[in-house]
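Student: In my numbering, the protein residues as written are 10 to 269.
Note that the Cβ used here is the ideal one computed from N, Cα and C, for glycine as well.
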């Protein structure tokens with residue numbers, strides 16, 4: 010680039026001025042002036058485009074540098090600047106994806122989830138969509154709670170991984186997705202068995218048996234399935250007894266009073 014980018018423009022405008030008055034009265038002055046003005050405009054446009062490309066390349070380079078060294082907050086800011094300044098460009102689309110990656114690797118899974126889902130919504134045919142779906146599932150996977158707590162995130166993770174396997178069976182992420190589905194199914198089954206045992210201890214045998222029955226109908230192939238099979242006969246008998254007691258009005262609640 011020129012050390013003085015305005016010098017060339019000044020000289021060009023001076024040349025136009027000289028030619029204009031040198032050819033004053035000549036019939037070609039208007040044509041020559043128009044041609045020179047057009048050429049000047051093209052040169053200015055080329056210079057502006059080149060500077061814009063250099064600015065964009067610098068932003069991308071800095072964003073990647075911060076991302077690769079683990080400075081995800083700074084990387085996010087640079088990617089966001091690219092997205093805001095160059096909307097619709099291939100670099101801006103990449104930056105939107107990398108914004109989600111920055112949040113993910115920073116451990117901010119809810120924010121990353123929102124950005125990945127937004128990317129899938131606006132660019133459904135992008136070649137990165139299999140990766141994006143896998144990352145959505147992984148955000149849910151990271152957000153899941155232990156088996157004795159709410160399992161909404163675990164269920165969402167399974168749904169997302171299954172969607173990946175169904176829509177992109179040849180995806181390079183299929184093996185890991187299938188592995189995690191198996192793990193998550195085991196956790197859901199463990200949760201159901203935990204609740205069944207809790208109801209059983211309280212004497213709510215019908216509720217306990219329903220949970221065991223749910224495991225037997227939905228979680229074959231898990232380790233918990235075998236445990237559910239073992240206790241099912243006992244839970245069933247207890248459930249029948251509870252049904253009889255309720256019909257006769259003899260069932261007592263936790264405090265020994267008549268069950269409503």
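1) Comparing alpha-carbon positions, which option in 102, 71, 97 and 96 lies nearest residue 87?
2) Report the residue ranges of all alpha helix (DSSP H) runs contained in full by the region 137-163; include only those spanning at least 4 residues, in chain order.
3) Apply the 10 Å Cβ neighbour rule to residue 159 and answer buried if 16 or more other Cβ atoms are within range, or exposed otherwise.
4) Using only CA atoms, which one of 178, 146, 183 and 157 lies nearest to residue 165?
5) Specify the secondary structure class of residue 267 as computed by DSSP and reduced to three states.
6) Under DSSP, the alpha helix (DSSP H) around residue 131 begins and ends at which residues?
7) Report yes or no: do three or more beta-carbon pairs, one from the region 138-157 and one from the region 176-188, lie closer than 8 Å?
8) Candidates 111, 201 and 102: which alpha carbon is nearest residue 130's?
9) Relative to the alpha-carbon of residue 154, which residue among 193, 120 and 132 has its alpha-carbon at the smallest distance?
10) For residue 261, does the three-state DSSP call read helix, strand or coil?
11) Give the C-beta separation of residue 214 and residue 251 to the nearest angstrom, bearing in mind that I take them to be a contact with Cβ-Cβ under 8 Å.
12) When burial is assigned at 16 or more other CB atoms within 10 Å of the CB, is residue 229 buried or exposed?
13) Count the other CB atoms within 10 Å of the CB of residue 175; is the residue buried (16 or more) or exposed (fewer)?
14) Between which two residues does the alpha helix (DSSP H) carrying residue 92 extend?
15) Please state the DSSP three-state secondary structure of residue 112.
Tutor: To lay it out plainly:
1) Here the question's residue 87 lines up with position 78 in the chain shown. Comparing Cα-Cα distances from residue 87 to each of 102, 71, 97 and 96, the minimum goes to 71.
2) 138-152
3) In the chain shown, the residue the question calls residue 159 occupies position 150. With fewer than 16 other Cβ atoms within 10 Å, it is exposed.
4) Position 156 of the chain shown holds residue 165. Among 178, 146, 183 and 157, the Cα nearest to that of residue 165 is on 146.
5) Residue 267 sits at position 258 when you count from the first residue of the chain shown. Note: residue 267 maps to strand in three-state DSSP.
6) Reading the chain shown from its first residue, position 122 is the one you call residue 131. Its alpha helix (DSSP H) spans residues 118-131.
7) With three or more CB-CB distances shorter than 8 Å, the region 138-157 counts as touching the region 176-188.
8) To locate residue 130, count along the chain shown from 1; it is residue 121. With distances taken between Cα atoms, residue 130 lies closest to 102.
9) Taking the first residue of the chain shown as position 1, residue 154 is located at position 145. Looking from the CA of residue 154, the closest CA among 193, 120 and 132 belongs to 193.
10) Reading the chain shown from its first residue, position 252 is the one you call residue 261. Looking at residue 261 - three-state DSSP - the assignment turns out to be strand.
11) Taking the first residue of the chain shown as position 1, residue 214 is located at position 205. Taking the first residue of the chain shown as position 1, residue 251 is located at position 242. So it is a contact: roughly 4 Å between Cβ atoms.
12) Mapped onto the chain shown, residue 229 falls at position 220. With fewer than 16 other Cβ atoms within 10 Å, it is exposed.
13) Indexing the chain shown from 1 puts residue 175 at position 166. Taking all protein chains shown into account, residue 175 has fewer than 16 neighbouring C-beta atoms within 10 Å of its C-beta and is therefore exposed.
14) Along the chain shown, one-based indexing puts residue 92 at 83. It spans 81-94 - the alpha helix (DSSP H) in which residue 92 sits, taken as one unbroken run.
15) Residue numbering aside, residue 112 sits at position 103 when the chain shown is read from its first letter. It is helical.
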